[in-house]
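I have placed the structure first, in the form of structure tokens, so that the comments after it can refer back to it.
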Amino acid sequence: MLKPRELHGKRLFGYSLGDLGLLLPRTFEGVFIFQFYVYTVNLNSLLVSIGFSAQLIIGAISAIIFGVIIDNKRPGKYGKRRPFLLIGIPIWVIASILIWYPPNAPIDNSLYLPTASYFWVIYIIRAIAHGLVYTVYTSMMPEQSQTFKNREKVAAYSSFFQILASVVALMLPIIIQSVLPDPTMVKWWNPSGEIIQFFIPIIGLSFAIFGLITTVLVFLSVDESYYKRNVESQVEKVKVIDAFKRLSIPIKDIDYLKLIIAGFFITASSRIVGLLVFPFQTYVMQFQAAQFYIYIVFSILSKFIWYFIWKKILKRFNILKTFSACILFAVFGALIDIFFLFGNLSFEISLTLYIVSWSTVLGSLYAFPLFSIPITASLVHDAASRNSNSSLDLEMSKISGSYYGLSNFSNTLGPAFASLFVGAILSGNNETNPFLITISFLSLGLFYLIAFLLINRIRLSDESHYSKREI
254 MLKPRELHGK
264 RLFGYSLGDL
274 GLLLPRTFEG
284 VFIFQFYVYT
294 VNLNSLLVSI
304 GFSAQLIIGA
314 ISAIIFGVII
324 DNKRPGKYGK
334 RRPFLLIGIP
344 IWVIASILIW
354 YPPNAPIDNS
364 LYLPTASYFW
374 VIYIIRAIAH
384 GLVYTVYTSM
394 MPEQSQTFKN
404 REKVAAYSSF
414 FQILASVVAL
424 MLPIIIQSVL
434 PDPTMVKWWN
444 PSGEIIQFFI
454 PIIGLSFAIF
464 GLITTVLVFL
474 SVDESYYKRN
484 VESQVEKVKV
494 IDAFKRLSIP
504 IKDIDYLKLI
514 IAGFFITASS
524 RIVGLLVFPF
534 QTYVMQFQAA
544 QFYIYIVFSI
554 LSKFIWYFIW
564 KKILKRFNIL
574 KTFSACILFA
584 VFGALIDIFF
594 LFGNLSFEIS
604 LTLYIVSWST
614 VLGSLYAFPL
624 FSIPITASLV
634 HDAASRNSNS
644 SLDLEMSKIS
654 GSYYGLSNFS
664 NTLGPAFASL
674 FVGAILSGNN
684 ETNPFLITIS
694 FLSLGLFYLI
704 AFLLINRIRL
714 SDESHYSKRE
724 I
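With my numbering as the guide, the letters of the sequence shown map in order to residues 254 to 724.
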């Protein structure tokens, strides 16, 4: 039998670095583009939310299509999946830069269609390119890492880099926010708005270039030469319609279906957190100047502390039960903010509630990949191994893209729904309403609770994850 493939050393670091490079611009966009277009460019929040949802839905559909196309490709000189990275990344980088250079909406017309059209077109192009690159990146994992222990190691690296991406992506705009003359007056015609329009595009440009570099490193770190040895002679190109029929495999996988539905609510919640970071600080907490650094401090500490706590717990306890507990912590963390609805709280009490609530939610949110990555990879492996008529490599090459394409589809629909949800609530004069901003944050409790119930009902065999034997 062939020795199972694993990622180690430079290859492990290079592959995992893709999470940092791809998520750094995405996280930055997720937490600041709503703030940028609504509060600075002066575009109506509902139009921004429509753009959010349109690009996410189109990106989600693209992820499924690309997953099928990738599975259907015959291995070539550079492998089966790797070449698609070089196709999608230039388009993604250009769109990620252009999205920060829109025409401003007039002072008296926040429904200005030229600005909205520019935003929608660039954002959709970016989403399609990202759908291709990220589907390729994630679908590689079950083939590159074939032991449970190594998958957990990849998940640990990926989670760490995702936390680092969130810290860096938030730190720079918060630093800019802290030096604004008036954080509540940031339209493009205000002095504060001029500062934002100068520095934010520079940050977006830098993050996009970094994403390009890390994607090239992923390309160099992944080895798909095994296709020539084991699979190439057996791979038969099928009709596109037959390739799409393979989507029925992950759809009929009940445990996988529970996982991706839970992913819908988890990613919806993460989008809501990103959309509310700056409005909550500005209009609920009413931070000024150096007070914006409070978020940076507890955000960094909570993400890394909870990361190491959950990582340690995971080594001793059942992965699904630990995942459920992690989500349950997020439920309680979100519901703490209900006290803000009572009003008349002193700043000290409000600050304490804010730190406890948001640090708990963030700590849980950025630990989720520790669980979801190995669970997903194990389910894909299980589905491939159930077909005893051909080799494991051949079966995984047929379905991996379909599984991860469907997963990316669900994980993209969640933010699309969340964008419309928040955009509708905070439309028009409600943009600065502290009561509605708090209500939007409290919705996390319900979404995480649904995810908790679904994850708690997933059943994996001992051979799928709980045993530490190699595949």
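C-beta atoms are modelled at their ideal positions from N, C-alpha and C, and glycine is treated no differently.
Same chain, Cβ closer than 6 angstroms to residue i, five either side skipped, listed in chain order
| i | result |
| --- | --- |
| residue 488 | Note that residue 488 scores 49 on pLDDT, short of 50, meaning its location in the model is unreliable and no value can be drawn from it. |
| residue 630 | 394, 395 and 404 |
| residue 300 | 369 |
| residue 460 | 277, 278 and 281 |
| residue 667 | 517, 520 and 521 |
| residue 291 | 298 and 301 |
Alpha-carbon spacing of residue i relative to residue j, whole angstroms
| i | j | result |
| --- | --- | --- |
| residue 509 | residue 318 | 19 angstroms |
| residue 638 | residue 477 | 20 angstroms |
| residue 257 | residue 635 | 15 angstroms |
| residue 680 | residue 539 | 20 angstroms |
| residue 347 | residue 455 | 14 angstroms |
| residue 618 | residue 521 | 11 angstroms |
| residue 436 | residue 572 | 43 angstroms |
| residue 445 | residue 283 | 21 angstroms |
| residue 433 | residue 542 | 7 angstroms |
| residue 351 | residue 376 | 9 angstroms |
| residue 249 | residue 589 | Any answer about residue 249 is impossible in this case: the structure gives the chain only from 254 up to 724. |
Residues near residue i by beta carbon distance below 7 angstroms, same chain, minus five either side
| i | result |
| --- | --- |
| residue 685 | 536 |
| residue 335 | 472, 475 and 477 |
| residue 254 | Low local confidence applies: a pLDDT of 43 at residue 254 is under 50, so the model's placement there is unreliable, and no value is given. |
| residue 354 | 454 |
| residue 287 | 301 and 528 |
| residue 260 | 268, 397, 398, 403 and 407 |
| residue 712 | 508 |
Candidates the options, of which the one nearest residue i by Cα
| i | options | result |
| --- | --- | --- |
| residue 397 | 344, 264 and 373 | 264 |
| residue 463 | 680, 426, 345 and 620 | 345 |
| residue 615 | 434, 603, 550 and 679 | 550 |
| residue 533 | 521, 548, 519 and 542 | 548 |
| residue 518 | 437, 562, 531 and 674 | 674 |
| residue 633 | 502, 441, 332 and 458 | 502 |
| residue 439 | 671, 285 and 706 | 285 |
| residue 384 | 527, 323, 690 and 713 | 323 |
| residue 332 | 569, 389 and 543 | 389 |
| residue 568 | 711, 708 and 406 | 406 |
| residue 356 | 305, 378, 289 and 415 | 289 |
Contacts around residue i, its chain only, beta-carbon distance under 8 angstroms, and the 5 residues preceding and following it disregarded
| i | result |
| --- | --- |
| residue 386 | 275, 337, 338, 341, 342, 345 and 468 |
| residue 677 | 299 and 302 |
| residue 458 | 350 and 353 |
Across the stretch 305-314 and the stretch 658-670, are there enough close Cβ pairs to call them in contact, namely three or more that are closer than 8 angstroms?
yes
Are three or more beta carbon pairs between the stretch 569-587 and the stretch 449-459 nearer than 8 angstroms?
no
Sufficient close CB pairs (3 or more, under 8 angstroms) joining the stretch 547-566 to the stretch 690-704
no
Under 8 angstroms: do the stretch 607-623 and the stretch 356-376 share three or more Cβ pairs, one atom per stretch?
no
Counting pairs of Cβ atoms below 8 angstroms between the stretch 287-306 and the stretch 349-367, do you hit three or more?
yes
Write down every uninterrupted run of the alpha helix (DSSP H) in the stretch 502-532 whose length is 4 residues or greater and which is fully enclosed by it, in chain order.
507-532
Give, in chain order, every unbroken run of the alpha helix (DSSP H) that is at least 4 residues long and sits entirely within the stretch 302-361.
335-351
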